[in-house]
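In my numbering, the protein residues as written are 686 to 872.
Just so it is clear, CB atoms sit at the ideal spot from N, CA and C, and this is done for glycine as well.
Every value quoted in this text rests on a predicted model; they were computed, and no experiment measured them.
Worksheet: one structure, shown below.
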């Protein structure tokens, strides 16, 4: 795929075709994705209708090739296009235009110059330590249980889980100590 000219993407059909081609081709995908985003913003600014923008951004993110930092694109769309992500309902995780968002509010220079792939990188992968994470969560739940910040923490459930973890730890420690103190006999 050759570099996309965002000035040539003047129709919804052209933008959707560029999105499809961008997904099929992986050459210079980052820059082409940025140019598609700029074209979407220019089209929105020209026509004033946000509905195609939402459809196009969601389509762009839907089948992104593996390895593309789609969270950075989402962050860019929220910051530069002033869109929001639905937190619940049938469209959970999809973009929508919050009430009152108008194309006039777009900063086109920032949109053209702030590239999504130059934003803060995603955090590196960190393996899970289940025991440590569970212990941290239980401590946090206990601390917030008394803070009354509107959290929904069931004290009986918290107590039951704490007891189960304590019982597991006691049993694991006992098994470990038995293994160390048992005499080894040769046959």
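- For residue 825, same chain residues with a beta-carbon under 8 Å away, outside a window of 5 residues either side, do not exist.
- In this structure, residue 753 lies away from residue 706, with their beta-carbon atoms at least 8 Å apart.
- Ranked by Cα distance from residue 769, the first of 748, 742, 854, 792 is 742.
- Residue 832 sits in coil when the DSSP states are folded into three classes, being neither helix nor strand.
- The C-alpha of residue 786 lies about 11 Å from the C-alpha of residue 729.
- Segment contact: the region 717 to 729 against the region 690 to 698, three or more CB-CB distances shorter than 8 Å; contact assigned.
- Shown here, residue 810 sits in coil according to DSSP, grouped into three states, outside any helix or strand.
- The beta-carbon separation of residue 689 and residue 722, rounded to 10 Å, does not stay under the 8 Å limit for a contact.
- Beta-bridge partners of residue 815 (DSSP): none assigned.
- Counting other Cβ atoms within 10 Å of its Cβ, residue 704 reaches 16 or more and is therefore classed as buried.
- With respect to the C-alpha of residue 716, the residue from 797, 835, 827 having the closest C-alpha is 797.
- Within the same chain, Cβ atoms closer than 8 Å to the Cβ of residue 748 are found at 708, the five residues on either side in sequence being excluded.
- By the neighbour-count definition (other C-beta atoms within 10 Å, threshold 16), residue 852 is an exposed residue.
- The three-state reading of DSSP puts residue 771 in coil, since its state is none of H, G, I, E or B.
- In this structure, residue 733 lies near residue 788, with their beta-carbon atoms less than 8 Å apart.
- Within a 10 Å sphere around the beta-carbon of residue 780 sit 16 or more other beta-carbons, which makes this residue buried.
- By the criterion of a C-beta distance shorter than 7 Å, residue 760 is surrounded in its chain by 804, once the five residues flanking it on both sides are discounted.
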